[in-house]
Each structure stands twice: as C-alpha cells, then as structure tokens.
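Down below is the structure, laid out as structure tokens.
Protein chains: 4
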Amino acid sequence: MSSHLRMGMIGGGNGAFIGAVHRMAAALDGQIDLVCGAFSRDHDNCLATGQQLGIAPERCYRDIAALLAGESKRDDRGSDTGSGAQLVSIVTPNHSHVDIAAQAARAGVHVMCDKPAGISLAEVEGLARTLEQTGTHYGLTHTYLGYPMVWQARHIAGSKPFGAIRKVHVQYVQGWLANAAEKDGNKQAAWRTDPALAGPAGALGDIGSHAHSLAEFICNSRMHTLRAHLRRHINSRTLDDDGEILFDLENGATGSLISSQICAGEENGLTIRIYGENAGLEWKQMEPNSLIERRASGEVIVHRAGTDKPLCDAALARCRLPSGHPEGFIEAFANLYRDHARAIQAGTAPARSGVPGIAEALRGMAFLEAAIASSAQGGAPTAIKPPACGPDLKGLLS
Amino acid sequence: MSSHLRMGMIGGGNGAFIGAVHRMAAALDGQIDLVCGAFSRDHDNCLATGQQLGIAPERCYRDIAALLAGESKRDDRGSDTGSGAQLVSIVTPNHSHVDIAAQAARAGVHVMCDKPAGISLAEVEGLARTLEQTGTHYGLTHTYLGYPMVWQARHIAGSKPFGAIRKVHVQYVQGWLANAAEKDGNKQAAWRTDPALAGPAGALGDIGSHAHSLAEFICNSRMHTLRAHLRRHINSRTLDDDGEILFDLENGATGSLISSQICAGEENGLTIRIYGENAGLEWKQMEPNSLIERRASGEVIVHRAGTDKPLCDAALARCRLPSGHPEGFIEAFANLYRDHARAIQAGTAPARSGVPGIAEALRGMAFLEAAIASSAQGGAPTAIKPPACGPDLKGLLS
Amino acid sequence: MSSHLRMGMIGGGNGAFIGAVHRMAAALDGQIDLVCGAFSRDHDNCLATGQQLGIAPERCYRDIAALLAGESKRDDRGSDTGSGAQLVSIVTPNHSHVDIAAQAARAGVHVMCDKPAGISLAEVEGLARTLEQTGTHYGLTHTYLGYPMVWQARHIAGSKPFGAIRKVHVQYVQGWLANAAEKDGNKQAAWRTDPALAGPAGALGDIGSHAHSLAEFICNSRMHTLRAHLRRHINSRTLDDDGEILFDLENGATGSLISSQICAGEENGLTIRIYGENAGLEWKQMEPNSLIERRASGEVIVHRAGTDKPLCDAALARCRLPSGHPEGFIEAFANLYRDHARAIQAGTAPARSGVPGIAEALRGMAFLEAAIASSAQGGAPTAIKPPACGPDLKGLLS
Amino acid sequence: MSSHLRMGMIGGGNGAFIGAVHRMAAALDGQIDLVCGAFSRDHDNCLATGQQLGIAPERCYRDIAALLAGESKRDDRGSDTGSGAQLVSIVTPNHSHVDIAAQAARAGVHVMCDKPAGISLAEVEGLARTLEQTGTHYGLTHTYLGYPMVWQARHIAGSKPFGAIRKVHVQYVQGWLANAAEKDGNKQAAWRTDPALAGPAGALGDIGSHAHSLAEFICNSRMHTLRAHLRRHINSRTLDDDGEILFDLENGATGSLISSQICAGEENGLTIRIYGENAGLEWKQMEPNSLIERRASGEVIVHRAGTDKPLCDAALARCRLPSGHPEGFIEAFANLYRDHARAIQAGTAPARSGVPGIAEALRGMAFLEAAIASSAQGGAPTAIKPPACGPDLKGLLS
C-alpha cells in the first residue's frame, strides 16, 4: 500500500494564520497525514487546537523537543509502516525557525519551514552545516514557486527565442500595515513588527524575501549586488515597512524590487515583469493562471494554466485541473508540500525536488542582510554574500 | 476529540477526472477522511486506485452494495468513534447516480453526489421520497454555489438598494467538444456523449445544469417557463452539445441561458449578469474572487473575496484566506464538502446546510426535461415542473 | 491642392448629442470642412449653434430644402474648387432620416446618415431606389464597423484555420433607460422612446441595430431568420427597452442577440463572440483595441490595434497610432467619415468604400421589422426580407 | 461669429509621426484651423505635405522665420477676423524647440510645443525669460495631463479621505528600441538616439519626462531630490535607453520611476500608482478610462470616465462622451489644444489654463539634468533645481 507521509506541526495554534494554510496545503493531495503537533507554547491552546484537528491529546506536545522524543518512541518511525512523524512543518515566528529545524534534522526528521528561514545569515549557515551532516530534507515555503505559471515563465525566460534577459522588475505591495495595526490587537502585525520575533527585516523579510526568490528563480540567476532604501512610515516601528531596491543579477540583467506593506488598499500585490532581447513576460500573483508574453514582433500571447494547455512539463506537473478551473494560493502551496513529500519518500536529492531549500534559505538571508546594510549606508552598492553549500543542497538555480 | 467524518467513494478510479477533484475537495479542510471506495467496476483498477490512495485492499469494494455491507460490519459505524464510512461520494456517470444514492440512503449512509442528480426527473423524485424516509443527508455538487462571491452576489441582488431583479443572463461555454473528442479516446467525452450513461441531456446536463442552478440561486427565485433551442454540431452525436434557452423566473425576471461545449477555445466560461432596477452584477467563474457591481448612479464597485473584506457573513464563511490570495475551484468545491460534513455532524436540516440538495436535484432534472421537450417542439414555451419535497429538504431558495 | 470635402449638417443643434460626435469624427482627419447646417428646427438654436461652430449666419439654414437651395447657388458646388456643400450629415431623429436623405440625393448631394436609416423598410426601399437613380453616395454610421479590430475579427473569422463559423453571440446592453429618464427632461430619452420620432423599434432600433450589423459584418453572412422576444420594463413606454433574439445566418451559424437599455449600471456594453470549428474570437467595444482569439489547440492570442502590429491590411488602414496609444469611439467614427469622403472624392463605388451604406440600411430595417413581427407572435420564427439593390450598392458582405 | 484659432505648424512633414497627432488633436474640436506650416527643411516635402493638408503653397514656408514674416503681412493677424496664424505648433526634434518657440513668442505668436521643451535647462530658462516679456502663451504637450482620469486621480489624491500621500510609483516602458532600430531606417529611432537632435537624455527625455510630469501633477508636489541609474543596452548608443530613478517629493512622499524603451514587447506602458494613508490609486494609460481606487477599508472602486459619471469638474470637463464610449490618446491630446486655444482666446493667464507650460518645461529640464548628473555619479542623491518663473507662468502645481 502506498503510504502517506506522517507530519507534525510546530506552531499554528488557534489565532495563528499561516499554520492553517500549511495544513490545507499538506492535506490537499491526500498524501500527508497530520499526526501530531506542538501547536502553541500555551499548552491549553495546543490541546484545544489538537482537538479541533482530530489529534489525540497524547500527540499534542509542549515543544519540538517533546514532540521529537514522543514520536521517536513509536515503532518504526522512519518506515512507511511505522506511526511516528516523519516530517515537521514549522510555522512559528521567524526567531525560532532555525533552532526547531536543527533539532528536527538532528533527530532524523525532515522539515518544511515557513520563510524567512531565520533571523540571521549566520544561524542559517549553521543550519546548512547541520543538514549537510544529517542528510535530511529541508523545504522553505516560498509559495510563489509552487505556481505553474511561474515555472512556465522560467521556461520561456530561459528559452533561446526570448534572448538574453536584460531587465526584471518585481514588486510586492500590501496595505495591511498602512496603519499601526500592531497596536490594535492584530497578532500577525504584532510579531511581524517586533524585531525580537521577526528578526531585523520587516516587510522585506516578510514579503520582499518572496520577491527576491521569485526574481532569481524565473531568471535562473543570482542577485549579486544591490542598493536598498528601506523606510518606516509608522513612527513607533523599528523595522522597515516599505522600501525599494535596485539590483544586479549574475546574468547581467538589472532590475528593481519594491517591497511595501503600507500601500493602503493593496491586497497581496506580487507582480513580476521580465524582459529579454526579444520578448517580455508579466505575471501577477492575484491572477495566477495567466502569464502574458509580449513579443517584439508585436504578438501578445496569454499562456494559461491547465492540464489541457501547451505548457512545459514542469508547469503541467503543477496543474491539477483543466484550464478555466482556477487554481490559487493553496494549490501552489500544496505543490511544495506534494513535491517535498515525494522527494522524501523517493529519496530524491533535495536540490532536485523542485522545492526551495537551504540554498534558497541562505540566499534569502544574505539578501536581507545586504539590503539592511545598504540601506543603513544611504543606498550604497552592497554585495550579497554567495551561499556555500554542497551539491546536494545547492538549490533550484542551475 | 473532534472526529473526522469517514467517507467512501463510488467511482473515481484511475482515468477518471472528477473523482480526484472530489477527493481534494473533501481533504482540503482536514475534516473528512477517505477510508474506502468502490472506485471502478474493473476491480483491478479499484485496487490499484485504492493502493495509490493508501486505502487498505479489504476496503476497496466491488460496488456500492459490497461497500455498504462491508462498512456496516465495522463497529459503531454511525458514531464518531466507530470506523465505518458515514458518507459516500458518488462520482460515477450519471445513469447510476440515483441507484447508488438510494442504496446508501437506505443503509443510513449520507451522500454527496456529482451532478446532474440522475437521468430522469422520475427517478430523482423516487430518490426524494427515499430521502424523506431515511432522513439522511444528500448533497449535490453544484460547485459554483461554493464560491463566496456567488453568495455575495445573492446577498446584493436580494438587497433593497438593488431593486427588483429584472434580468439575468447566464452563459456556460466550453470548447472541449468542438471536435469529436469522443472518438479519439477521451473517456470523459465518450460517456458524456453517450445517452445510456449521461442521460438525455448532453452539454445541457453537464454544464447547463450548473448555469440553471446558479441563476436560480443568485436570484433566489425559481425558473418556471422556458423556451429551448438545443443543437448538435457533430453529426455522430445524439445529445445536444450547444443551445440557447430563454426563461422566466417566478420573481418576474426574464433571461437567457447559453450552454455549449463546442465554443472552440473556451475553457470553462461560466459568466452571469443580473440586473435590478438600480444596479447590475457581473461574476465570472474564471476570475472568481471579483464581483463587479455597477450602479445606475454611475459608481462601479469591485467586491473582492477575502477574510479581511466587507462582505456578507455567508460570503465570509466561504473565504479561507485574506484578499489577494486567490482561492479557486477546489476551494469552492471544498466549501460544499465542509458544509455538508458540518451539517451531518451537527444534525442540521439539509435545507439549512448551505449545500445544494435534493430540492436542487429535482429542479435541475425538471429544468432538463422541460428544455428537451421545448426544443423538440421548436422552442415552444414549456413549464418547468415544480419540485415536491417536504420542508426539511426544500433547498436553498427562500 | 488636395481639397477638403465640404459638409453641411442637418440636426445637431445645442442640446443634441450625436451631432457633436459626427462633427468631431468628420473633423479629426482634417479632410472635411463643416461649412453650413440646418442644426435645429428652432432657428434661433440653429443660429446660435452655427455661431459656436464658426459658421456664417447666411449658411445656417431653416431646413434641408433651404440648405440645398442655398448651397446650390454657390459656384461650382460639385467641384473641388467650388464652395457649396458636397455632403450632408443627417443627425436628426429617425423619422426624418429618409426624407432628408432623399432630398439631398436628388439634389446631387452625398449623405452620411445616423442609424437606423429610417422608420420602415418601405421608406428605406424607396430611398434605395432613389440612390440607384442619383448615383450619389449614402453612408450609414454603424460606428462599430469603423473599429480596426472589428475588421481584424472579420479577417480571422473568414480565414481557413478558423474553420466554418458555428456560433455568434452578440449583446448590446446599456443602463440609461433603466428608469423613466424620458420624464426627467432627458431629451435623448424623450425622442428615443417616442414612436413618432424613433419609429417602431426602441432599444432594438437604437442599439440592437448595431449588434445586428456587427454580427453580419464579422461573420460576412446575412441573418435570415429570427425569433424575437421584446419587452418594456417601464409601463409608460410603448417601445421595447429590452429583448433577446435567436437567429440563423446564411452560412449555417446560429446565435443570440441581446439588446437592452434597462441593464442598470451598464455603460455601452457591446460585446461579440464568434466561434468557428477551431477557434473563438471575443471583442468588447469598451476595450476596443484588443481582440482575443482562443484556439482549440489551447493558445490564447491577444490581437492588439496599432500601426506597428501584425494585422490585416483593412485593420491597419483603420489605425492612426502605434499600439498602446488607445484609439476609441471617435476614431472609429472618423474612419467611417474618412472612408466615405475618400470614396466620394475618388468616385469609388459605394459598395467598395468600406462604409456601411444602403444595403446595410435595408438589412437593418428588415431585421427590425422581422423582430417586431416575431415578438408580436410570441417569438415565432420569422424570415428577414432580403435587401434588393443593384451591385453598386450591395454593401459590405461578399 | 465665434472664430477659430489659426495655427501654423513647424515640422510634421511626410515621414514624421508626432506632427500628424498634433494636427488631429488640434482639429478634433473644430476650434483650430491649420492655415500654414514650415513642415520640413526639405521644401519639396514641405510643399507636398501642405498640398495633402489643403494648405496653399504660398503658406508653406521654408522655416519659422519665413512663416512669421509671411503671416505677419496678413491683415489683422492678431485679431479674430484676421487671417494670419496666431499659434504655432512645434513638432521638430528637440534641439530646435527653444529657438523656434522664442522666435514665435517675440513675434507675438503663441506656441504649443512637443516635449521635452529643449535640450538644456539653460536654454529653457532663456525661453522663460522671453515669455515673461512677451506675455504670449506657451503650452507643452505632456499628453497624459489631458486625460480626464488623471485629473480625477489628482482630485482624489488631494482629498482629505485619501490621507497624506506616502508613495508614488510610476513606470513608462516601451519596447520599440529593444533592437537597434535606428540602424534600420527608422527615422524616429534615428533622431531620438542622436544627442545632437534629441539632447542629452534618450528614453528619459522622450518618455521619462512624461512620467515625471505625471507624478508631480497627480501628487500636486514637486520632486526635489533623485537618485538615477541610467543605462544603454545597445552598444552603439550614446544616450540612455533604460533606467530607474528613486525620488523624493516636497510633500514627503517617496517613490520610483522606471523609464525604458528596451522592454521588448511593451507598447506604451505608462502606469502610475499613488498611495495615501488610507487608499491607493492606479491608472494605466493603455486603459485610460478607468481609475482604480483601493481603500484601506477594503472597498475597491473603479472610477470611470464619461460625461454621465460622478467625477470632479476638471475630469468631466475633459470628457466628450458618455461612459462606455472609449476616449483615448488623441482626445487627451486634443484637450490640451482645446484648453490652450480657449486660454489664448479668453486671455486667461497661462498658469490657469490647465495646460502644462513653461513652469513644467523648466521642471522637466531640471529633472533630466539632475538625473543625468546623478547617474554619472553612480546614483548619488542629487537635488533638482527649482524653476524660477513669475506667478503668471508658475504652472499647474499649487
């Protein structure tokens, strides 16, 4: 019998947001079972959450250590026929990501972690060394890399007719922090604007990190230098809530990145445009099933998602439905979980799983640190430290 | 512990389409477990499908009768702590829907059935009588009634400022039967164009039935008379693949319904526009998170889906994510499963569950039969037989 | 010296709407000079209008007869070097169109007439006979046939890869008559709802006539039979303000036409979709520079207007600007004036001018009369009388 | 009799592009007559152009000096009843703009000039001093300030509910210089990439100048500091064809400006987004009749152009047609000509005409020079020199 992968969750108790998204994403394809969790530091909340989710109280743990210990006692945890958790999903605030991930890895448990990977490049470098040793899988939920049309964009941008990539403009704008929501009982806003929990990057860490990974992924090239201008629009804040970055990619392209959570009225406005010598591409996350290609010859093509459409294999593999049946954010997220589970079960090297991993985590943290440093120096050109990790972990860029 | 609802599936073996959609929809919210199935009349296919889904071979049954028998032997099937299936999902071709549903109901097992409900009004009337007796739940997956903005449209259309509804124009156009796909090994096309399996309505049964339910639902009024013109564009077909219907609603509104699967190039083009005395609404399934309201005063408002948006309660209850994180077809479908499961577990009367049920099934079949009769008489005005079912089953229209 | 064509205008005094549009359209390309007019039956209004337009008082006439008489006295009216009006633009209410046009034609003056051509097929047939004799040009401002992407649509729909045309769905919906605007001092509403001035067709005459001509033009085929259901939503009205028509074209295609002015909130919603065996086309007047082609093969192409785009010659000839510089309603209207003026100056046969003429006028009137007759008989199938006019006047359909 | 304004044109001979646009814009409203021109330095071309336009050969002049001399001899040139040109339209390459404008002004002839105003701030400062003395009108065709929804955007952005403006992001991307079109006989490309004719700014002068004026206008605030990164993607070029600018406005807002003509496939992609404390606005030139407002409260409103819409007075004054009848680039351009003509005829102070003038010209040139200086220094923060001109000329910003 094809077995399901057994998953525990760290964080995601009642009142949290992203935990529920991870659970839906993991559940969608019916291949991952949520079997345990340490859903909250408030154990009553943990138990209540577990009850709602149908998790037995004895598998509602106080923390990651207890979870790893408890699950390790179950027979054959590592095997398909065992019952202990094989994977943990980390959906806590950023400051605890690395520690939890490292504990899991050392216990031989695979990890799926919400982004950003941590709060400093140094700690993520430590995690990378741990993963080199444990050989366990580590996935980072850069959700937007789960969308089929993002893979199609990468396919077209890398094709010969597109020509060399010259420009990439990416923006990620939201409006939910236009006012001081953190003072009005919004828990999301509270921890995301608190450097102790969120780390040194505010909007940039929360959403700019997605824009960075998306640009690198579609262009299949690393960002090496940037000039950043970060800002706070609410006086009481200490972290950026808005900013612009100009950057250079290794392939010679240049571009801009806008990251803001004070763009009043904006929902989840992630948009990217990439220009080659002969054509341009435009993708908007809020209309994710269309990818517009405009050719210098004057033709405009709308590439559409769907199992019945003429798309590249990687894009098709990320569609579940025929065209016209819209798939969205949860499906993109579920693609990451599905591919992560498949790679774990098949023993595929993480770098070949199609899921962002520790290499992307390192690049993301290096990007954040370079941006903060540049901004502190008035937008001075600043190099982004290249990630160092072995071939098995080297990530999605070729 | 809050328990999951245990579900079996009839149909949906390898090679089928809609079964996988039902499984994803049922799985999404983590409240329904697929525990058994009779996935195919080919038992090898059934077993292979079960294996892929992680279903034990002893719970892969040969047919509905075997499934009901086998599951009934499990302790406390009807209780939360038992292990037998409490619900069956029916995803077979139309001709077997009623028989399977009736068997399940008589065995005290709840039903979620793909639409249309059957192949004749008479057989669905029989099923309605059965359900009156068994008191079990019956849901019909008119997917589009799971979209939050459809509920928002109904809310606005029923509000005083909108004024009396005058017009409704709905169209559902697809292109996948523009050519004789049924002769090229397309299994979906094969059974849907075969009256023995699909019943007497072709495109009208497959998608026109959705358009009908959507129009009635948003307008909160029953269609009572129609004039239909159905057509076949591929000579070898015996069922309609295209047609137009003009109709009257009980609230005095008139409108048009286009149902076609030969509109080459169209994906899943379900669009509806409703006009009141003072405003109009437009909703397109392919961009489901927006509902456009145009007021006679000149204002144009885009109502957007999202848990953070100013929407009616019923719409909000069908959003999982903040605005800008697109939800689509699977989420709409999952809303039906979630609400069906909730009503079953809470013992809510079916007519209050928010899920289309036997009343909608009856109206849908009466609509199809009236349309076929009208078309046979050159578009003669034809009354639609009103459904007869008790108050507990009377459906979503007030 | 290349001379300008000299034009007079009948109607279009202060307070009118469409007259100003005709003047802008005629002026845009700098080839037509407005030199005189009978702008209003109220001669003070006529003089005031003339003054605003810079027309000398002696060329502000009381009516068409006076204008023709006055202008005929100017030297060499018919020649490029003369000074009398060579063309009259008729922008009065419908009931006077034919008489004015016939007077002009008999005086050797060319005509551009607002649609519909008149208030009965019989009177337009009389005009057709007059034009056969006079050999003067007659243009009918079916504005939408001036849009480049409408010509591109016709080009694609007529091409081999598109396959035989099977379906055409056209709708023209407005909301400005959703309330009884004619009782609130709206002059446009007043005459358009008055059968003495507008003729026997209300919304159908005003905008349904455009939908009819657009469908025939793009499909390059005549509508021969229809079933019409016309309606009045404001009790005090005697003319239709809403309706649906099902129709057959000579090429075997079938379709639907919606014509309504009570669709509250709608602006000027003319949309057409055409389906062939292998592809579909969609054009929306409110976004006129895009034409969407969806192919059965799964490709979606957006054909865009612009002098730099890969379009057919006829479409390119109707673009003034490179792509991305939006052209709209006035430019489409101006294309009709420009082509009419060119044909007049070059002596091109009217049927080759690219401008709708008396053949379209006859078909339009026959369509209106058939629709009214059909509706009066509960939607009975009704043949549309084919136009009878000689080869020089036979119109745009091949 | 209300008289037409008489206009001459400098440049715009056969083979040119923008001259024809100016002529259509001037002609549209029937208030300006083109009576003479110096259409080309090639006098044969000048004569041929004149003939096509219906201009008598004796009013086809060799240059501006000859035109001014020739027209001055006509009786009562300055009066409504005279016949000499009262206004010249300058559509030559940039390097000659200032000299021609100054000659005209000194001759008492008003000017409408294509942008940018010249090739250096110094020469435009000289022109400003001339205009202070002559008191003649000077208009600069920043076309996009003629769109009604741009005025509506300014109205909303300046309203109290919008809150203080925090951000503005504007981009103007085209693709027509993605390849070395200047080497393939494209005259437009040839002069625009030649610093002797275009001045020191390439794409930035051609289109970045529009983006700058649009941002300042909608925000009603001056840009005071910028950081620019300009680039050339074709080796043989000496002028920028691509670049990004980060900037500060006097009102405290910050933003970004993208200006590129190498974005392959882009048509005329001018887009602006402005964010206040409580709402955001988005306007796209390619869909100019819609202005999207997204409020922090969650509401999304589409403000639509049209004489029947609830818009501010300034926006309504720039609409000619009811909503749904698309107006575009030529109509926006014509609004500038119409308002310029009205101001000239009414003796309105230029700064109150609603038409960009010498103040905008000075700011535009100061912007270009600051950007070039900043880019030469690696993006160093650079102040933009404030314009100095008297109150009558001080421009559109309050």
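So the protein lines, in turn, are chains A, B, C and D.
Residue numbers for the first sequence follow the working numbering, so the first one is 8 and each next one is one higher.
Residue numbers for the second sequence follow the working numbering, so the first one is 8 and each next one is one higher.
Residue numbers for the third sequence follow the working numbering, so the first one is 8 and each next one is one higher.
Residue numbers for the fourth sequence follow the working numbering, so the first one is 8 and each next one is one higher.
Glycine included, every Cβ here is placed at the ideal spot set by N, Cα and C.
Item                                                                                                                                                   : Value
For the beta strand (DSSP E) containing HIS29/B, list its first residue and its last residue.                                                          : Note, HIS29/B: premise wrong, no beta strand (DSSP E); alpha helix (DSSP H) at 25-34.
So MET14/C and ALA73/C are in contact, right, with Cβ under 8 Å, and what is the actual spacing, rounded?                                              : The pair is not a contact, with the Cβ atoms about 16 Å apart (cut-off 8 Å).
In chain B, what lies closer than 9 Å to ARG345/A by C-beta?                                                                                           : Ordered by position in chain B, no residue passes the 9 Å Cβ test against ARG345/A, which lies about 11 Å from the chain.
Would you call the CB atoms of ALA373/A and ILE391/A closer than 8 Å?                                                                                  : yes
Return the first residue and the last residue of the beta strand (DSSP E) that THR261/C is part of.                                                    : 261-267
Residue ranges of each beta strand (DSSP E) run of no fewer than 3 residues wholly in the stretch 136-218 of chain B, ordered along the chain?         : 145-147 and 172-180
Alpha carbon to alpha carbon, what distance is there between ASN101/D and GLY206/D?                                                                    : 7 Å
Could you please give the first and the last residue of the uninterrupted beta strand (DSSP E) stretch that includes CYS43/A?                          : 39-45
Can you tell me where the alpha helix (DSSP H) holding MET372/B begins and where it ends?                                                              : 365-383
Let me know if MET8/C comes out buried or exposed under the rule of 16 or more other beta-carbons within 10 Å of its beta-carbon.                      : Confidence is the limiting factor: at MET8/C the pLDDT is only 46, short of 50, which leaves the residue's position unreliable, though a coordinate-based value still follows. So MET8/C ends up on the exposed side.
Please classify ALA353/B: is it buried, with 16 or more other beta-carbons within 10 angstroms of its beta-carbon, or exposed?                         : exposed
What's the call for ARG325/B, buried or exposed, on a 16-neighbour Cβ count within 10 Å?                                                               : buried
If distances are taken between C-alpha atoms only, which option among THR232/B, SER267/B and HIS240/B comes closest to ARG260/B?                       : According to the sequence provided, residue 260/B is Ala. The question's Arg does not apply to it. Nearest C-alpha to ALA260/B: THR232/B.
Would you list, in chain order, the members of the stretch 257-279 of chain D that have their beta-carbon closer than 7 Å to a beta-carbon of chain C? : GLU274, ASN275 and GLY276
Taking the C-alpha atoms as reference points, what is the distance between ASN227/D and TYR344/D?                                                      : 22 Å
For LEU253/A and chain D, any beta-carbon pair shorter than 8 Å?                                                                                       : yes
Taking 8 Å as the threshold (C-beta atoms), are HIS144/B and HIS117/B in contact?                                                                      : yes
Quick check: is the beta carbon of ALA23/B nearer than 8 Å to any beta carbon in chain A?                                                              : no
Tell me whether the beta-carbon of ALA164/D lies closer than 8 Å to the beta-carbon of LEU288/D.                                                       : yes
For PHE224/C, is the classification buried or exposed, using 16 other Cβ atoms within 10 angstroms of its Cβ as the cut-off for buried?                : buried
Within a Cβ cutoff of 8 Å, which residues of the same chain sit near ASP49/D, ignoring the five residues on either side of it in sequence?             : GLY20
At a CB distance below 9 Å, what residues from the stretch 312-342 of chain D approach chain B? Give them in sequence order.                           : GLY313, ASP315, LYS316, PRO317, LEU318 and SER330
Bridge partners for GLY283/D per DSSP, in chain order?                                                                                                 : ILE172/D
Would the beta-carbon of VAL309/C fall within 8 Å of that of ARG311/A?                                                                                 : no
The alpha helix (DSSP H) spanning SER406/B covers which residue range?                                                                                 : Past the boundaries of the shown model lies residue 406/B; chain B is included only from 8 to 405, so the question cannot be answered.
Using a beta-carbon distance below 8 Å, is SER10/D in contact with chain C?                                                                            : yes
Taking only three categories from DSSP, how would you classify GLU130/C?                                                                               : helix
Identify whether ASP49/B lies in helix, strand or coil by the three-state DSSP scheme.                                                                 : coil
Hey, PRO333/D and PHE340/C: beta-carbon distance below 8 Å or not?                                                                                     : no
Beta-carbon within less than 6 Å of GLN195/A's beta-carbon, same chain only, minus the 5 sequence neighbours each way: which residues are those?       : PHE24
Relative to the C-alpha of SER47/C, which candidate in ARG30/C, TYR68/C, ALA63/C and ASP40/C has its C-alpha closest?                                  : TYR68/C
Express the C-alpha separation of ALA108/A and ASP70/A in angstroms, rounding to a whole number.                                                       : 12 Å
State the start and end residues of the unbroken alpha helix (DSSP H) segment that holds ARG345/A.                                                     : 336-353
Are ALA348/C and ILE39/C closer than 8 Å when you measure CB to CB?                                                                                    : yes
Using the three-state DSSP reduction, which class does CYS120/D fall into: helix, strand or coil?                                                      : strand
When DSSP labels each residue in this structure, what does THR232/B get in the three-state scheme?                                                     : strand
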